[in-house]
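Presented below is the structure to which this report refers.
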Amino acid sequence: MVSDESISNETISGGLDWEPVTNNPHDPPVGMLLRLAHVHAREVFTEALRPMGLKSFQYGALAVLDRRGPCSQRRLADELSMDKSTMVRLVDDMERMGLITRTPVPSDRRTQAITLTDRGREVFAEADAVADAAHEYLLEDFTDDERRTLRDLLIRFTRYDQA
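Here the sequence shown is numbered in UniProt numbering, starting from 1 and rising by one per residue.
If you want it as structure tokens, here you go:
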């Protein structure tokens, strides 16, 4: 698990010097706060996955494939908001790691289905437990109601479609 000591104030603040306050016209803008929250969460998550030799975007791909089942590289790229060249490298690396396979789609020879291997499912299950622990660490100072509210607001803000 990630310790408080492994996360510097500079990492959390992005190097900006300010104290969080409420109802102050000098509070950081929402966009900056979202960026700082992303940086902090990514740092915690990256450190939590490091012992597994897994990167956060690889975990994201495993999660999509676990939830959606086999899909094309294009669909996976869309789900992860990745460009085509980044997705090709990701899929190549994950295939070398034995986490996924690519198989031709009979109805479209240009398309390959990306599928989790048994090893990919095992690694995802372990990584998902690590992700749960990282999320718990990130939200440890929040009440259950605050956690639900934060999640609901982020879903609304991002217009995230869970379907």
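For each residue, glycine too, the CB sits at the ideal point set by N, CA and C. Fair warning: this is a prediction, and the values are worked out from it, not measured in the lab.
Does the region 64-75 come close enough to the region 111-129 that 3 or more CB-CB pairs lie under 8 Å? Under the 8 Å Cβ criterion, the region 111-129 counts as touching the region 64-75, having at least three qualifying pairs.
Could you check what DSSP says for residue 115 in three-state terms: helix, strand or coil? Strand.
Please determine, among 135, 90, 143 and 120, the residue with the shortest C-alpha to C-alpha distance to residue 98. The option with the nearest alpha carbon to residue 98 is 120.
Taking 8 Å as the threshold (C-beta atoms), are residue 62 and residue 157 in contact? Taking 8 Å as the Cβ cut-off, residue 157 and residue 62 do not qualify as a contacting pair.
Are the region 92-110 and the region 45-64 touching, with three or more C-beta to C-beta distances below 8 Å? In short, these stretches touch, since the Cβ pair count reaches three.
Once the 5 residues before and after residue 45 are set aside, which same chain residues still bring their CB inside 6 Å of it? Listed in chain order, the non-local C-beta contacts of residue 45 below 6 Å within the same chain comprise 56 and 134, local neighbours out to five positions each way being set aside.
Assigned secondary structure, residue 143 (DSSP; H/G/I helix, E/B strand, else coil): Collapsing the DSSP output to three states places residue 143 in coil.
Where residue 105 falls, given that 16 or more other Cβ within 10 Å makes a residue buried: Taking every protein chain shown into account, the CB of residue 105 has fewer than 16 other CB atoms within 10 angstroms, so this residue is exposed.
Identify the residues that DSSP records as bridge partners of residue 105: which are they? Beta-bridge annotation (DSSP): residue 105 is paired with 108.
Nearest-angstrom Cα separation, counted from residue 154 out to residue 72: Inter-residue distance for residue 72 and residue 154 is about 27 Å (C-alpha atoms, whole angstroms).
Nearest residue (CA-CA) to residue 40, options 150, 147 and 138: The candidate whose alpha carbon is nearest that of residue 40 is 138.
Strand pairing of residue 100, partner residues [DSSP]: Bridge partners of residue 100 according to DSSP: 116.
Cα-Cα separation, residue 89 to residue 48: So the two alpha carbons sit approximately 23 Å from each other.
What whole-angstrom Cβ distance do residue 113 and residue 70 have, given they're in contact under 8 Å? Here residue 113 really is in contact with residue 70; their C-beta atoms are around 4 Å apart, less than 8 Å.
Hey, residue 117 and residue 101: beta-carbon distance below 8 Å or not? Yes. Within cutoff.
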